[in-house]
Amino acid sequence: MEGINVTLGKTNITVNKNGFGALPIQRIPEKEAVYLLHKAYAGGIRFFDTARFYTDSEEKIGKAFKGMRDKVIITSKTMAQDASGFRDDLETTLRKLQTDYLDIYQFHNPGSCPKPEDKSGLYEAMTDAVKKGYVQHVGITNHRLAVAHEAIDSGLYETLQFPFCYLSGEKELELVRKCETNNMGFIAMKALSGGLITNAAAAYAFLAQYKNVLPIWGIQRLDELHEFLEYIASPPSMNRRLTEHIERDKNMLQGDFCRGCGYCMPCPVDIEINTCARMFLLLRRSPAALQLTKEVQEKMKKTEDCIRCDRCKEKCPYGLDTPILLQKNYEDYKNVLAGKIIV
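Shown next, in the form of structure tokens:
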């Protein structure tokens, strides 16, 4: 089999239902990142998603695909607040990626939906970039349901990137269906819920049920990549075993939990909130030893420095009481270290 393809709405971009999320490659050396990207391409992945916010991710993709730009789909994002910042970001992104154009350029998690004449100048700057050939298609990413609906309803965007996985609820499913109705591509970020989903086959099989959805997997290791490349030749489909696994995960992870998106950052006292606020889940769902190192213990101890400014709470796209989550996870972590809780 050649795997499953997906077409992103009216863009007519058609790729294998395996996108490469390039946020994690900022954590590995350039040589390793370029090798990983080459392996992804050789294995059949053609869609690569990055952002100006992802430090050197764009530069690594640029070095990997120099001289073969027409063979890959590259998307990036800007968090610019005005037209001048937009132009600066776009110029930097094109230079880092060593390309003349982006297949999709996305507004990166804006607090409201950029529109013509909204006084920010952002959408006008995007339109100008399209006219000049720097951008082929216009997209938007978000974590807020209201902004996502606004983007779809506006008719101004060709793709929406939004968290979607088997832990999602009916509200996220409504977005998927609405995008399909409006011939708008849906790019699923957080397809593994920031590492809380540990069964990649179940994650893939769930998303494969939605023909308009392209998942982008955050990949930084070869073993992770190989697993997703296997799905091109032999895509997993929903069966009783995977369905039961998904139901167990839903029961375990229901309620309020940190997805690790990082939009609460930075913290004024340098707490790594998107790790510390979900530590107990990480202890239970990944090899515990990885979370009990001296380095991680120091990160968790920083939680004691919380000044309860509530900035993280105000910025959380899921409406979580982040300071309370930090406190609870730190108490549970100390109990694990003391042997009072076994994971």
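Numbering (our numbering), first residue to last: 1 to 343.
Just so it is clear, CB atoms sit at the ideal spot from N, CA and C, and this is done for glycine as well.
Counting every other CB atom within 10 Å of its CB across the protein chains shown gives A146 a total below 16, marking it as exposed.
Annotated three-state conformation of G218 is strand, per DSSP.
In the structure shown, the three-state DSSP call for Y330 is helix. DSSP places N16 inside the beta strand (DSSP E), whose first and last residues are 14–16.
The C-beta separation of Q26 from T7 comes to about 29 Å, leaving the pair out of contact by the 8 Å criterion. Contact check for W217 against A233 fails: the beta carbons are separated by 8 Å or more. C-alpha of S57 to C-alpha of V138: approximately 21 Å in a straight line. Our two residues, M189 and L337, have alpha carbons roughly 33 Å apart in a direct line. Taken through DSSP and simplified to helix, strand or coil, M300 comes out as helix.
Closest in alpha carbon position to R46, among K60, K31, E32, G21, is G21. If you look at V138, you'll find it in the beta strand (DSSP E) that goes 135–141.
DSSP places S76 in the strand class (E or B) of the three-state scheme. In the DSSP assignment, L281 falls outside any beta strand (DSSP E) and lies within the alpha helix (DSSP H) extending over 279–285. Partner residues in the beta bridge of V6, as assigned by DSSP, are V15. Around the beta carbon of D89, 16 or more other beta carbons lie within 10 angstroms, which makes this residue buried. Counted as a single uninterrupted DSSP element, the alpha helix (DSSP H) harbouring I152 occupies residues 145–154. Each residue's CA atom was taken as its position, placing V130 and R308 some 44 Å apart. Annotation: I271 is outside any beta strand (DSSP E) and is labelled neither H nor E by DSSP. Shortest Cα-Cα distance from G19 to any of R221, Y157, I74, V34 involves I74. In the DSSP annotation of this structure, the continuous segment of the alpha helix (DSSP H) that includes D249 starts and ends at 240–253. Considering only K171, F164, H108, the residue with the shortest C-alpha distance to V213 is F164. Inter-residue distance for D82 and T50 is about 20 Å (C-alpha atoms, whole angstroms). It is roughly 19 Å from the alpha-carbon of G194 to the alpha-carbon of C267.
If you look at M126, you'll find it in the alpha helix (DSSP H) that goes 122–131. The beta carbon of H38 is closer than 8 Å to those of A64 in its chain, skipping five residues each way along the sequence.
Scanning its chain for C-beta atoms nearer than 7 Å, with the 5 sequence neighbours on each side dropped, one finds around R69 the residues T99, in chain order.
Per DSSP, D103 is not a residue of any alpha helix (DSSP H); the beta strand (DSSP E) it occupies stretches across 102–108. In this chain, L94 is not harboured by any beta strand (DSSP E); it is covered by the alpha helix (DSSP H) spanning 83–97. Annotation note: the stretch 162–186 contains no uninterrupted beta strand (DSSP E) run of length 3 or greater. In the DSSP assignment, the residues bridged to V213 are F186. Annotation: the continuous beta strand (DSSP E) that includes F48 extends over 47–49.
It is roughly 17 Å from the alpha-carbon of T14 to the alpha-carbon of N182. Following the DSSP letters along the chain, one finds V343 in no alpha helix (DSSP H), marked with neither H nor E. Where K31 is concerned, the enclosing alpha helix (DSSP H) starts and stops at 30–42. As a beta-bridge residue in DSSP terms, T159 pairs with G139, G185. By the criterion of a C-beta distance shorter than 7 Å, A148 is surrounded in its chain by N142, L160, F162, L175, once the five residues flanking it on both sides are discounted.
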